[in-house]
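Q: To start, I am sharing the structure in question, which I have written as structure tokens.
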Amino acid sequence: MILDSKIPEGPLAEKWEKHKFNVKLVNPANKRKYDIIVVGTGLAGASAAATLAELGYNVKAFCYQDSPRRAHSIAAQGGINAAKNYQNDGDSVYRLFYDTIKGGDYRAREANVYRLAQVSVNIIDQCVAQGVPFAREYGGLLANRSFGGAQVSRTFYARGQTGQQLLLGAYSALNRQIAYGKVKMYPRTEMLDLVMVDGQARGIVTRHLVTGKIESHSAHAVILATGGYGNVFYLSTNAMGSNATAAWRAYKKGALFANPCFTQIHPTCIPVSGGYQSKLTLMSESLRNDGRVWVPKAVGDNRAPQDIPEDERDYFLERKYPSFGNLVPRDVASRNAKLACDEGRGVGTTKLAVYLDFADVIKRDGLNTVVQKYGNLFDMYAKITGENPYEQPMRIYPAVHYTMGGLWVDYNLMTTIPGLYATGECNFSDHGANRLGASALMQGLADGYFVIPYTIGDYLAQNPTARIETSHPAFKEAEAAVQTEVNRLLNVNGTRTVDDFHKALGLLMWDYCGMARNAEGLQYAKQEIRKLRDEFWRDVKILGVNEELNVTLEKAGRVADFLELGELMVDDALNRNESCGGHFREEYQTPENEALRDDENYTYVAAWQYTGTNQQPVLHKEELKFENVKLTQRSYK
Amino acid sequence: MAGNNPNSKPMNLTLKVWRQKNSQATGKLETYNIKNISPEMSFLEMMDVLNEDLLLQGIDPVAFDHDCREGICGMCSLYINGRAHGPERGTTTCQLHMRKFSDGDTITIEPWRAGPFPILKDLCTDRSALDRIQQAGGYISVNTGGVPDANEIPIPKSIADKAFDAATCIQCGACVAACKNGSAMLFTSAKVSQLALLPQGKVERKTRVENMVAQMDKEGFGACTNIGSCAAECPVGISLENIAMLNREYINASFTSENV
Ligand SMILES: Cc1cc2nc3c(=O)[nH]c(=O)nc-3n(C[C@H](O)[C@H](O)[C@H](O)COP(=O)(O)OP(=O)(O)OC[C@H]3O[C@@H](n4cnc5c(N)ncnc54)[C@H](O)[C@@H]3O)c2cc1C
Ligand code: SF4
Ligand code: FES
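Chains A and B are the protein sequences, given in the same order. When we follow numbering that gives the first Met the number 0, the leftmost residue of the first sequence carries the number 0, and every step to the right adds one. When we follow numbering that gives the first Met the number 0, the leftmost residue of the second sequence carries the number 0, and every step to the right adds one.
Set out below in structure tokens:
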């Protein structure tokens, strides 16, 4: 298989304009003859569904929650980037492009990232028109803040709940189309398989999460906007239901999976407090604008933070990276927190935490300003830990947060299956080996509002096919396969709970394929994951039947997929004999413990092809060409 | 295992939990005893522990809605000891922690109770009526593309902040569950206010309020008699001022309706 990224010819800055001119159009009257399935109603899915419906297509949208407004995008806190340069501080489309490529440690496609930076400015306009209440200055204009990996202020925000406000904007646009009858919404409905006819994606099979009804839906094209797979680690900042199932089942139908090992570990999360822990809570990166990260200088210093004098504290990010200080990119901040804890300088009862201290900013700007800026985050911290962060520093530790890997897509966001698209966190496209803060929201909305509406038309115009009934044998076969899989789960009748398996997998992934990896550990993890998977299918305990609201059954299906995906992540991490961004192989580091890339041999996207359960997948390489930026060792000093 | 408070002792609790097989079945409270609950746990983590216990005993685990566990998605919805989202003010069920309870406590856990929210199973209800109220007019009619530059519409900070306060509603439905009339006024008014305050939303303000209120009535939500339990139980502090604003918008619209 040759991976064709379909990057348009011509200078970087003109590629997207040219491409938009060259794509085939579906005339307005014909659009109503096409049906499009959008799985997922987060920023990527809701924006696509609404926009495609506005254009005249018939859209069916799906989500597993009880309302589209609850998609995980709702939880994003800090902000969304855009190259508006409203602050006149030297920002530009090119700078946002450059920062993103560099932040991703030179493992993303130039053309995609440039387009992302270009359309970023339209996103803000669109959201404001919808009534999204971004933060404003006293003069009535929009406010900005800084995020990691950038030296300009280009992040737009809505207090600490930017995700909710952006999603409510997209949700309102979606609601309008639901009211017009152009979008049919299917909440509490989970996609369990992709249906292909003549090599093209033509529909999906779903299970209704209340009635258990297994059903087919046909369309001319399918968009997966189903989010990331961070929950493979069990503990992450993702929502409890976030899962890989839709993407994974597409992979098993032939879509390639790219860079699965590129995982983002976010530096500022509330540390684990016990074995019952079900999820980890992020403390937004925006806190690093004002919070100072430190640990005691001495190993084993057990004094309370307020008893440790200034000169016995190590503000290690400020010390090591004077020009970016506390605002280094996430991978760098996380790794340094881990290093400090590994040296025995961690704090709190578990010693797996570092301080994030606001004493200075409270002294400098006053308590009120800090309440205004971060109030809801401080409240959340207090609720969870029972400690008051206005009086003592927060304790934070890195946690799994985002997955840069995902379904491989070309410039048009189409996977290797014709007619199957992937958008938002579900695809791999824009963030390389490390995503910059406030860029996921930007990507999700860019894909949904401004990219897919053009590129999907091109495909439909060139592949005009008639509607297919769901009585077609391909649908019946897929339904039967889904039913068989469900029965197989229900018939195991074992003794160990789904959560128990999930936790065991999570620990393996965290220990061997987390913040630091090495070949030996990865090989060990691969064997252990296989064993765990076998045991799952021998011993998992699921009660009840399919034809009911069966939470354990739902979870079991997702964990079964994680048990396969985990192994692919390990394979990918083993294959990549270099360190880059969030992928840190201990064998490959500079004397200063920074990630050491091997551009000669690994400047490629690793895209994996499924060949069967327990079979080695086949690796396909998409070479990355850098024509505009020079590859250098990332430096934030 | 405790993270921050080494003195916190594990608790033993008695839970009375609403069990109902499906929407047709009749439900009842079942009693379960649960041991060794750390005060550091969240309420839903305590429910996880209960469910793991039940599973291993071969008893169907308790179904409850939840997703983000960060207080923002609005999915969690437990009625705890007679209060929507439990005893702590300004807190969703998922952000409630066990340190608010004491060893030996009996905790009663029920679903939201309101006509327009039928019970699906155990503690899960169908709140799609709230989505339909939004679909009736909770938007500004702009298509993607062709909109003015974001800074062409300056909005005074005080107005933007007020609109923001209204926009923080997480659509959980606690206001309805807390109201003895089962009214959805607080929820509906939050959207109406947000959009009526902003210049972008003013164009459609009259039809919006009329259509959203009509849908609210059609769904069978009760009338508002200004008791205020809704705002008292709202986890994000949506204020009663929004209801006053909705009423003004509604009266204004009914004098000069643009619904033709
Ligand atoms: C706590 C937190 C804070 C964050 N803060 C920021 C931030 O400040 N800035 C930033 O840029 N990014 C942030 N991110 C990242 C960002 O929020 C996500 O990457 C982004 O929102 C993902 O959007 P999405 O539309 O791709 O997917 P999601 O929002 O995850 O939506 C997935 C959708 O798919 C549906 N779905 C999934 N599987 C199925 C299935 N099998 N069948 C049917 N439906 C399915 C779900 O129901 C849901 O509707 C944050 C992430 C987290 C976890
Ligand atoms: S107004 Fe408050 S209680 Fe009612 S739905 Fe919104 S957030 Fe929930
Ligand atoms: S689970 Fe999302 S608000 Fe409680």
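Backbone N, C-alpha and C define an ideal beta-carbon position, used for all residues, glycine too. Since we're looking at a predicted model, the values are computed, not measured.
1) How about S188 (chain B): is its C-beta nearer than 8 Å to some C-beta of chain A?
2) Distance cutoff 8 Å, beta carbons only. Does Y137 (chain A) sit that close to anything in chain B?
3) For G77 (chain A), tell me which candidate among A:G418, A:L165, A:V182 and A:N486 has the shortest Cα-Cα distance.
4) Under three-state DSSP, which class holds M0 (chain B)?
5) Does T30 (chain B) pass the burial test, meaning 16 or more other C-beta atoms within 10 Å, or should it be called exposed?
6) Spatial neighbours of G200 (chain B) within its chain, please: C-beta separation below 7 Å, excluding the five flanking residues on both sides.
7) Under 7 Å Cβ to Cβ from P5 (chain B), same chain only, skipping five residues before and after it: list those, please.
8) So is R31 (chain A) in contact with chain B if we call contact Cβ pairs under 8 Å?
9) According to DSSP, which residues form a beta bridge with V638 (chain A)?
10) Pick from A:T161, A:G9, A:I203 and A:M195: whose alpha carbon is nearest that of I36 (chain A)?
11) With 16 other CB atoms within 10 Å as the buried threshold, where does G2 (chain B) fall?
12) Taking 8 Å as the CB-CB cut-off, is I165 (chain A) touching chain B?
13) Please report the residue range of the beta strand (DSSP E) in which Y192 (chain A) lies.
14) Mind checking Y179 (chain A): buried by the 16 CB within 10 Å criterion, or exposed?
15) In chain B, which residues lie with their C-beta within 7 Å of the C-beta of K278 (chain A)?
16) Just by C-beta distance, which residues in the region 89 to 100 of chain B are closer than 7 Å to chain A?
17) I want to verify the contact list: residues of chain A whose CB lies under 9 Å from the CB of K34 (chain B), in sequence order.
18) For E248 (chain B), count the other beta carbons within 10 Å of its own beta carbon; 16 or more makes it buried, fewer makes it exposed. Which is it?
19) Using 8 Å as the threshold, is the region 496 to 507 of chain A in touch with the region 536 to 554 of chain A, meaning 3 or more CB pairs across them?
20) Which of the residues in the region 207 to 230 of chain B, read from start to end, lie with their CB under 7 Å from any CB of chain A?
21) Measuring straight from C-alpha to C-alpha, what distance separates T92 (chain B) and N21 (chain B)?
22) I think D356 (chain A) touches G447 (chain A), with their Cβ atoms under 8 Å apart; what is that distance to the nearest whole Å?
23) Contact criterion: CB-CB distance below 8 Å. Does E424 (chain A) meet it with respect to chain B?
24) I need the straight-line Cα distance from V48 (chain B) to Y275 (chain A), nearest angstrom please.
25) Please list, in chain order, the residues of the region 48 to 71 of chain A that have any C-beta partner in chain B closer than 9 Å.
26) Helix, strand or coil for I79 (chain A) per DSSP?
27) So, at 8 Å on beta carbons, what are the nonlocal neighbours of D300 (chain A) in its own chain, with the 5 sequence-adjacent residues on each side left out?
28) Give every residue of the same chain whose Cβ lies closer than 8 Å to the Cβ of Y603 (chain A), excluding the five residues on either side of it in the sequence, and list them in chain order.
29) I need the DSSP call for G520 (chain A), collapsed to helix, strand or coil.
30) In the DSSP assignment, find the unbroken alpha helix (DSSP H) run with W111 (chain B) in it and report its ends.
31) Determine, using beta-carbon pairs with one atom in the region 158 to 175 of chain A and one in the region 107 to 120 of chain A, whether at least three such pairs fall under 8 Å.
32) Find the residues of chain B that neighbour Q125 (chain A), judging by a C-beta separation of less than 9 Å, and give them in chain order.
33) Is P115 (chain B) near ligand 2 - that is, is its Cβ less than 7 Å away from at least one heavy atom of it?
34) When DSSP builds the beta bridges, which residues end up paired with N627 (chain A)?
35) In whole angstroms, give me the CA-to-CA distance for I152 (chain B) and D160 (chain B).
36) Is there a Cβ from chain B that is less than 8 Å from the Cβ of Y85 (chain A)?
A: Looking at the atomic coordinates:
1) Here residue 188 (chain B) refers to the residue found at position 189 of the second sequence. Not closer than 8 Å to any Cβ of chain A, the Cβ of S188 (chain B) fails to qualify, so no.
2) Along the first sequence, read from residue 1 onward, the residue named residue 137 (chain A) stands at position 138. Closer than 8 Å to some Cβ of chain B, the Cβ of Y137 (chain A) qualifies, so yes.
3) On the first sequence, residue 77 (chain A) is found 78 positions in, with the first residue counted as 1. It is A:L165 whose Cα lies nearest to the Cα of G77 (chain A).
4) The sequence position of residue 0 (chain B) within the second sequence is 1, counting from 1. Any reading at M0 (chain B) must be qualified, since the residue scores a pLDDT of 32, below 50, and its modelled position is unreliable; the value itself is stated next. DSSP places M0 (chain B) in coil when its eight states are reduced to three.
5) The residue given as residue 30 (chain B) occupies position 31 in the second sequence. Flag for T30 (chain B) reads exposed.
6) Against the second sequence, residue 200 (chain B) aligns to sequence position 201. Excluding positions up to five away in sequence, the list reads I139 and L194.
7) For the purposes of this step, residue 5 (chain B) is taken as the residue at position 6 of the second sequence. Because the pLDDT at P5 (chain B) is just 46, under 50, the model does not fix this residue reliably, and the value given afterwards should be weighed accordingly. Excluding residues within five positions, none has a Cβ falling inside 7 Å.
8) By 1-based counting over the first sequence, the position of residue 31 (chain A) is 32. So no, R31 (chain A) is outside the interface.
9) Residue 638 (chain A) is absent from the structure shown; chain A starts at 0 and stops at 636.
10) If you number the first sequence from 1, residue 36 (chain A) lands on position 37. Of the candidates A:T161, A:G9, A:I203 and A:M195, the one whose C-alpha sits nearest the C-alpha of I36 (chain A) is A:I203.
11) For the purposes of this step, residue 2 (chain B) is taken as the residue at position 3 of the second sequence. Reliability of the predicted coordinates at G2 (chain B) is poor, the pLDDT of 40 falling under 50, and the value obtained from them is presented with this limitation in mind. By the neighbour-count rule (16 or more Cβ atoms within 10 Å), G2 (chain B) is buried.
12) Stepping through the first sequence from its first residue, residue 165 (chain A) is reached at position 166. Sequence inspection shows Leu at residue 165 (chain A); the Ile mentioned does not correspond to that position. No, because no Cβ of chain B sits closer than 8 Å to the Cβ of L165 (chain A).
13) Taking the first residue of the first sequence as 1, we reach residue 192 (chain A) at position 193. The sequence given here places Asp at residue 192 (chain A); Tyr does not occur at that position. Note, D192 (chain A): beta strand (DSSP E), T188 to V196.
14) In the first sequence, the residue the question calls residue 179 (chain A) occupies position 180. So Y179 (chain A) ends up on the exposed side.
15) Residue 278 (chain A) sits at position 279 when you count from the first residue of the first sequence. The answer, in chain order, is R68.
16) T90, Q94, H96 and R98
17) Translated into positions along the second sequence, residue 34 (chain B) becomes position 35. Per Cβ cutoff of 9 Å: no residues; K34 (chain B) is ~13 Å from chain A at best.
18) Along the second sequence, read from residue 1 onward, the residue named residue 248 (chain B) stands at position 249. By the neighbour-count rule (16 or more Cβ atoms within 10 Å), E248 (chain B) is buried.
19) yes
20) Within the region 207 to 230 of chain B, no residue places its CB atom closer than 7 Å to a CB of chain A.
21) Locating residue 92 (chain B) in the second sequence gives position 93, where the first residue counts as 1. Locating residue 21 (chain B) in the second sequence gives position 22, where the first residue counts as 1. Going by the C-alpha atoms only, they are around 22 Å apart.
22) Translated into positions along the first sequence, residue 356 (chain A) becomes position 357. Translated into positions along the first sequence, residue 447 (chain A) becomes position 448. Not quite, the Cβ-Cβ distance comes to about 38 Å (not below 8 Å), so this is no contact.
23) Here residue 424 (chain A) refers to the residue found at position 425 of the first sequence. Output row for E424 (chain A): interface = no.
24) As a position in the second sequence, residue 48 (chain B) is number 49, starting the count at 1. As a position in the first sequence, residue 275 (chain A) is number 276, starting the count at 1. Roughly 7 Å between the two C-alpha positions.
25) Residues passing the 9 Å Cβ filter: A49, T50, E53, L54, Y63, Q64, D65, S66, P67, R68, R69, A70 and H71.
26) For the purposes of this step, residue 79 (chain A) is taken as the residue at position 80 of the first sequence. I79 (chain A): strand per DSSP, three-state reduction.
27) As a working note, residue 300 (chain A) is residue 301 in the first sequence. So the qualifying residues of the chain are I307, E311 and R344.
28) In the first sequence, the residue the question calls residue 603 (chain A) occupies position 604. Shown here for Y603 (chain A): same chain residues with a beta carbon closer than 8 Å to its own, the five before and five after excluded, namely K620, E621, E622 and L623 in chain order.
29) For the purposes of this step, residue 520 (chain A) is identified with residue 521 of the first sequence, where counting begins at 1. Note: G520 (chain A) maps to helix in three-state DSSP.
30) What you label residue 111 (chain B) is simply residue 112 of the second sequence in a count that begins at 1. Careful: W111 (chain B) lies outside any alpha helix (DSSP H) and carries neither H nor E.
31) Between the region 158 to 175 of chain A and the region 107 to 120 of chain A there are fewer than three C-beta pairs closer than 8 Å, too few to call the two in contact.
32) Looking up residue 125 (chain A) in the first sequence gives position 126. Correct list: V141, T143, G144, V146 and A149.
33) In the second sequence, the residue the question calls residue 115 (chain B) occupies position 116. Flag unset: Cβ of P115 (chain B) not near ligand 2.
34) Locating residue 627 (chain A) in the first sequence gives position 628, counting from the first residue. Beta-bridge pairing links N627 (chain A) to no other residue.
35) By 1-based counting over the second sequence, the position of residue 152 (chain B) is 153. By 1-based counting over the second sequence, the position of residue 160 (chain B) is 161. Their backbone Cα atoms lie some 15 Å apart in a straight line.
36) Locating residue 85 (chain A) in the first sequence gives position 86, counting from the first residue. Closer than 8 Å: yes.
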